[in-house]
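Reading through the structure tokens given below for one structure.
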Amino acid sequence: MLSGTHKGGIFIPNPYPVKSIRLYQAALPDKVVLPLNERMTEKAIPCVSVGDRVLTGQLIADNEDINSVPIHATISGHVISIDEQPIPHKSGLNTQCITIESDGKDEWVEGNITNKDFLQSDPNSLIELIHRAGIVGMGGAGFPTHLKLGLAQNCNTLIVNGTECEPGIMCDDALMQNYPREIIRGVEIMLHICGAERAIIAVENDKPEAFNSLLLYNYNDKISIEYVPTKFTSGSEKMLIKGLLNIEIPSGGFAIDEGVICQNIATVKSIFDAVIEGKALVSRIVTVTGDGVSMPSNYEVRLGSSFEHIVSKSKPNNGNHSIRMGGMMMGIDVETTDLPIGKISNCIFVNNKVQKEAPKECIRCGTCNQVCPVELLPQQLYWYSKSENTDKAVEYNLLDCIECACCSYVCPSHIPLVNYYSFAKALHFKKIEEQRKTDIARERFEYREYRLERNKIERAEMMEAKKKAIKEKMAKEKSQKDKISAAIERVNKNKKNNIDA
Amino acid sequence: MHSNTLNTNQIMRQVIYSLVLGVGASFYFFGWGVLMQIVLGVVTALAAESAFLRLRNMPISPAISDGSAVLTAILLAVSIPSIAPWWVIVVGVSFAIIFGKQIYGGLGNNPFNPAMLGYAFLLISYPLQMTTWASDFLSFGVSIDTVFNLSSVDTLTGATKLDEVKTQISLGSKLIDIDLNSASQTLINIGFLVGGLYLLIRRIIFWQIPVAFISGVFLTATFLYLIDDKVYLSPHLHLMLGATMLGAFFIATDPVSSSTTPNGRLIYGFLIGLLVVIIRVFGGYPDGVAFAVLLMNIAVPLIDSYTKPRAFGK
Numbered sequence: 003m004l005s006g007t008h009k010g011g012i013f014i015p016n017p018y019p020v021k022s023i024r025l026y027q028a029a030l031p032d033k034v035v036l037p038l039n040e041r042m043t044e045k046a047i048p049c050v051s052v053g054d055r056v057l058t059g060q061l062i063a064d065n066e067d068i069n070s071v072p073i074h075a076t077i078s079g080h081v082i083s084i085d086e087q088p089i090p091h092k093s094g095l096n097t098q099c100i101t102i103e104s105d106g107k108d109e110w111v112e113g114n115i116t117n118k119d120f121l122q123s124d125p126n127s128l129i130e131l132i133h134r135a136g137i138v139g140m141g142g143a144g145f146p147t148h149l150k151l152g153l154a155q156n157c158n159t160l161i162v163n164g165t166e167c168e169p170g171i172m173c174d175d176a177l178m179q180n181y182p183r184e185i186i187r188g189v190e191i192m193l194h195i196c197g198a199e200r201a202i203i204a205v206e207n208d209k210p211e212a213f214n215s216l217l218l219y220n221y222n223d224k225i226s227i228e229y230v231p232t233k234f235t236s237g238s239e240k241m242l243i244k245g246l247l248n249i250e251i252p253s254g255g256f257a258i259d260e261g262v263i264c265q266n267i268a269t270v271k272s273i274f275d276a277v278i279e280g281k282a283l284v285s286r287i288v289t290v291t292g293d294g295v296s297m298p299s300n301y302e303v304r305l306g307s308s309f310e311h312i313v314s315k316s317k318p319n320n321g322n323h324s325i326r327m328g329g330m331m332m333g334i335d336v337e338t339t340d341l342p343i344g345k346i347s348n349c350i351f352v353n354n355k356v357q358k359e360a361p362k363e364c365i366r367c368g369t370c371n372q373v374c375p376v377e378l379l380p381q382q383l384y385w386y387s388k389s390e391n392t393d394k395a396v397e398y399n400l401l402d403c404i405e406c407a408c409c410s411y412v413c414p415s416h417i418p419l420v421n422y423y424s425f426a427k428a429l430h431f432k433k434i435e436e437q438r439k440t441d442i443a444r445e446r447f448e449y450r451e452y453r454l455e456r457n458k459i460e461r462a463e464m465m466e467a468k469k470k471a472i473k474e475k476m477a478k479e480k481s482q483k484d485k486i487s488a489a490i491e492r493v494n495k496n497k498k499n500n501i502d503a
Numbered sequence: 623m624h625s626n627t628l629n630t631n632q633i634m635r636q637v638i639y640s641l642v643l644g645v646g647a648s649f650y651f652f653g654w655g656v657l658m659q660i661v662l663g664v665v666t667a668l669a670a671e672s673a674f675l676r677l678r679n680m681p682i683s684p685a686i687s688d689g690s691a692v693l694t695a696i697l698l699a700v701s702i703p704s705i706a707p708w709w710v711i712v713v714g715v716s717f718a719i720i721f722g723k724q725i726y727g728g729l730g731n732n733p734f735n736p737a738m739l740g741y742a743f744l745l746i747s748y749p750l751q752m753t754t755w756a757s758d759f760l761s762f763g764v765s766i767d768t769v770f771n772l773s774s775v776d777t778l779t780g781a782t783k784l785d786e787v788k789t790q791i792s793l794g795s796k797l798i799d800i801d802l803n804s805a806s807q808t809l810i811n812i813g814f815l816v817g818g819l820y821l822l823i824r825r826i827i828f829w830q831i832p833v834a835f836i837s838g839v840f841l842t843a844t845f846l847y848l849i850d851d852k853v854y855l856s857p858h859l860h861l862m863l864g865a866t867m868l869g870a871f872f873i874a875t876d877p878v879s880s881s882t883t884p885n886g887r888l889i890y891g892f893l894i895g896l897l898v899v900i901i902r903v904f905g906g907y908p909d910g911v912a913f914a915v916l917l918m919n920i921a922v923p924l925i926d927s928y929t930k931p932r933a934f935g936k
């Protein structure tokens, strides 16, 4: 049965459809580049040094901080460098990476704990196991899974997100068709960990093969598999919950507040690998697609392999290409294919470079209103963002914008609307930060003024006290002198009297 | 990454194409003058737009090619009598383009519907030329003669049905004594209605404004008709006379100057419809579409700020 849906959104059929979703096992790369922090958060600290031999799945960087995620070697070989390297990130900044050169043997580290009988295990120990395996949300956000699961105890519904993030991406489809047994087991592990009463696996209704393969392996009546409409932004967490459960997560709220936890389907497969097989997260499925390749495909590839490693397998044409990581709507443009595949790299778009059409004036047609899944007024937000009136933009719920780019996509004047919103958001936070700084500066200034005033008063009081003391002293001295002189006088008088006598 | 749906230029072109039936009906009843007004209007619009863009040091060709000036000119040209002297349309279109659009910064920035601003300007300045209509199909030669003032064709002119009704009623007649049949007006309105439905199906305009506009006209007219059917026209005549359908589908739906929120569009459309009937019945002019639209253009910012939709999760 097809689930309900949220308002707005757009139906975009896969622009580069393939006849059958094959999953290619990419060859072992010659070297891998593994960033110490893919999300620009707390860095892991390397526990190997240049020249060390490492095995596949071996821990190579870690941090005691609960928010950080351990890093594992994804091939066996030697560490050849630990230095700053470019990674596919919005900021375009370089980050510290460990580079390993392959010895071609792919020897796995031994002695990993497996938990085939997970139902007997304590959920907390399983969460720790998942943490040690370096698992993060693989749909794109990369939020550490152990943190999410740690908050999820006592939730009632587990949603497993099997919808592709965006049109054109096929990696989850390939995963579901190739690993249905592992996914169902993974969902059972998660059900055990978070104690939920039921799990729903959401699959888009244009993927009957994936749906049927999951159905074939599902014997658990707590787990149901449901179709959701193949509409862009159906896969966004809050929209998916709205569609499946008709619960609207309040603005600023979290799914878990409503007793719901949402997990990407690739993450669930990694949880299976970690718990049942005892394997750390060392590979993922990546889609390579776009009009610049003649064979759009899915590859299971070791993390840290370069984009080029799998792009070259998809028969790219000899033109100038624009490369985009993630989807065509929300992905990020990168300059080269010489970048490492990370835990959140779900798709690489290789497109022929085209001349961009210059945007025209907004004719206020309101098509953007119709497609906004968050039901905002993109047009008003555009005016306020353009004029840098961030207060007004925030009043029009700028901060609720999920930057899905549906509005930019449908704009007849080809205005890159979503760019204006990201800019306005950044500006808003900058203004808040500046406001905070001025507040601090003002407080400091006021305190300084107060301190100076207080010093002045204190000094005056001190002077006053001193003066008084001197005066008293002088008065005392005077009386002393008087006494002395009186005594002298008395003595003199006595002397005189004596002489006279 | 953009959708394959229509871009701004294509939208303008589609609107122009969908005017064909209405314009065709006008041509059938009024003759060649209709097309002459359109040609004069379009030429003037392009000239005025280019001249003003040059003054503003702006690139000319992108603005000219977007089709918006042409659309404004055509809407104004079909609103005025086909036998109006040539300078009427020239003055009106120039005013519409310069004072209705360019002075605010060009396409997308004008608060008022430029065509209706031009129309109101003409109606106030040249009431006689603006209310004298051809009463029959005029041949090419005769049309040339009248439009360019070469000879007078008094015998072939008359007032519109709405104008006639207004005058007769004010003289104390009852509706029953007036011939209310007007095949020409009805057919022209149907022409614009069909064109408008095409725009709705293509999703170039949203349903809210036309539906609310027509409901506004219908309900207000019905209300008056129920009070006194001897003096007030029946709702179906209000819908089929004058510029009702042109207004509902082509004028009030101008995206730039109309309300942008879904509920705002309903309010905006309904109030225009209401004002159209009020102005027709109680106002000083025979038709009220232009003034109703302009009045509601003023109210758009207010309507929009009160009809903000609730955001997801708010």
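Quick mapping for you: the protein sequence lines, in order, are chains A and B.
Per the numbering used here, residue 3 is the first one in the first sequence, and the count goes up by one each step.
Per the numbering used here, residue 623 is the first one in the second sequence, and the count goes up by one each step.
Beta carbons: idealized from backbone N, C-alpha and C, even for Gly.
Model, not experiment: these values are computed from the prediction.
- Secondary structure note for A/Y386: its alpha helix (DSSP H) is the uninterrupted segment 380–388.
- Here A/S296 is exposed, its C-beta having fewer than 16 other C-beta atoms within 10 Å.
- Listed by position along chain A, the residues whose Cβ is nearer than 7 angstroms to that of B/K723 form an empty set, because the closest Cβ is around 11 angstroms away.
- For B/D688, the chain A residues whose C-beta falls within less than 7 angstroms of its own C-beta are K362, listed in chain order.
- Not flagged as an interface residue toward chain B: A/E460, since no C-beta distance is shorter than 8 angstroms.
- The alpha-carbon of A/S387 is positioned some 5 angstroms away from that of A/A426.
- With fewer than 16 neighbouring CB atoms inside 10 Å of its own CB, A/N156 falls in the exposed class.
- Proximity to A/G170 across A/E190, A/N353, A/A257, A/S93 peaks at A/N353, based on C-alpha coordinates.
- Residue contact check for B/F770 against chain A: no CB pair falls below 8 angstroms.
- Between B/I873 and chain A, the shortest Cβ-Cβ separation is not below 8 angstroms.
- Using a CB distance below 8 angstroms, the part of the region 668–684 of chain B facing chain A consists of P684, ordered along the chain.
- In the DSSP assignment, A/D85 falls within the beta strand (DSSP E) that extends over 79–88.
- The region 267–281 of chain A makes contact with the region 109–128 of chain A, as at least three CB pairs between them are under 8 angstroms.
- For B/R932, there is no enclosing beta strand (DSSP E), since its DSSP letter is neither H nor E.
- Contact of A/L378 with chain B is assigned, a C-beta pair being separated by under 8 angstroms.
- Relative to A/N399, the option among A/M332, A/K458, A/S314, A/S253 whose CA is nearest is A/S253.
- Here B/Q659 is not bridged, per DSSP, to any residue.
- For B/A874, same chain residues with a beta-carbon under 7 angstroms away, outside a window of 5 residues either side, are I831, F835, S880, G891, I894, V915 in chain order.
- By the CB criterion at 8 angstroms, A/G245 and A/I203 fall outside the cutoff.
- When the Cα atoms are used, B/G646 and B/G813 turn out to be separated by approximately 8 angstroms.
- Among the residues facing chain B, A/Q381 is included, as its CB has a counterpart in that chain under 8 angstroms away.
- Within the region 394–463 of chain A, the runs of alpha helix (DSSP H) at least 4 residues long that lie entirely inside it are, in chain order, 408–412.
- Cβ contact annotation for A/M331 (same chain, cutoff 7 angstroms, sequence separation greater than five): E168, F234, C406, A407, Y411, in chain order.
- Here A/I191 is not near A/N222, since their CB atoms are 8 angstroms or more apart.
- Boundaries around B/Q751 are those of the alpha helix (DSSP H), 749–753, since no beta strand (DSSP E) includes it.
- With a threshold of 8 angstroms between beta carbons, B/P877 makes contact with chain A.
- One Cα belongs to A/I312, the other to A/N348, and the distance between them is close to 13 angstroms.
- A/W110 sits in a strand when the DSSP states are folded into three classes.
- For the region 922–933 of chain B, the beta-carbon criterion of a distance under 8 angstroms to any beta-carbon of chain A is satisfied by D926, K930, P931, R932, A933.
- Taking C-beta atoms under 8 angstroms as the contact rule, A/P31 and A/I77 qualify, at a distance of about 7 angstroms.
- Those residues of the region 252–277 of chain A placed with their C-beta closer than 9 angstroms to a C-beta in chain B are P252, S253, G254, G255, ordered along the chain.
- At the C-beta level, B/V878 and B/G730 come within 8 angstroms of one another.
- In the structure shown, A/E206 falls within a strand segment according to DSSP collapsed to helix, strand and coil.
- In the pairwise beta carbon analysis, the region 647–656 of chain B is classified as not touching the region 469–489 of chain A: fewer than three pairs are separated by under 8 angstroms.
- Shown in chain order are the members of the region 822–844 of chain B whose Cβ falls below 8 angstroms from a Cβ of chain A: F828.
- Per DSSP, B/Y847 is one residue of the alpha helix (DSSP H) stretching across 830–849.
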